[in-house]
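Just so we're aligned, residue 2 is where the sequence shown starts under our numbering, counting upward by one.
Cβ atoms here follow ideal geometry from the backbone N, Cα and C, with glycine treated the same way.
Okay, so here's the structure we're looking at.
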Amino acid sequence: MYKKILIISLVVLSSAVLSGCRIPYIDDLKEQKDAVEKLQIEVKDLQTKLGLVQEDVKTVAEVKKAEPVIVIEGKPAEEKKPEESASTSFIKITSPENDVVVTTQPVVFLGTVSPDVTKVSVESEFTKNGKTLKDSYTLKSFKEGNPNFSYKASQTLGNLGVGKNTFKFTATFKDGKTQTSEIVVNYSTN
């Protein structure tokens, strides 16, 4: 009996299709399939945009994330203000404190500058195996007009040694004048 009902149903369905009758259920399925495909394309576009935003957030987080710095004794960073620099122009190291003892790497330096700064460069000096080593670097990530900058120092990068490390951050202003802020960091492996 079930076979007869199935055969009759197939015959009726085949006749309806061959005669051009529309079957609303099949049309609804096609519309739903098209809608799902459009949504899948939109989801892929949003995932791509989200990935770009996550990269930007990760970059900002890396700049802001500093390994814990242990302060044993600290003093404010010494700021040297040459006479030729305008009084509104400045460079200031905001972290870490001057003459700090750190036991982790990298040491992340954060600072602020006035809007007229065109570039920031760093000179580091430390002793290794009885020899004084120096490193100079111009911050590539710093863009003119940006009020903040960051710099990392580590033994792997070759700009940090065990013991006393002196870092001189120099801002170059639009008028060509410069100003330096110096900070000492004592690195200990203990």
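Taking 3 residues as the shortest admissible run, the region 134–158 contains the following complete beta strand (DSSP E) segments, listed from N- to C-terminal end: 149–154. Taking all protein chains in view, the Cβ of A36 is surrounded by fewer than 16 other Cβ atoms within 10 Å, so the residue is classified as exposed. In this structure, the straight-line span from the alpha carbon of V103 to that of G177 is close to 35 angstroms.
Shown here for T167: same chain residues with a beta carbon closer than 6 angstroms to its own, the five before and five after excluded, namely E126 and V185 in chain order. Cβ atoms of S90 and F174 come within 8 angstroms of each other, at about 5 angstroms. When the five nearest sequence neighbours on each side are left out, the beta carbons in the same chain lying within less than 6 angstroms of the beta carbon of Q106 are those of S155, in order along the chain. Exposed is the label assigned to N191, since fewer than 16 other Cβ atoms lie within 10 Å of its Cβ.
Closest in C-alpha terms to N130, from the list G162, D29 and I6, comes G162.
By the neighbour-count criterion, in which a residue is buried when 16 or more other Cβ atoms sit within 10 angstroms of its Cβ, N160 is buried. Listed as beta-bridge partners of K165 by DSSP are N187.
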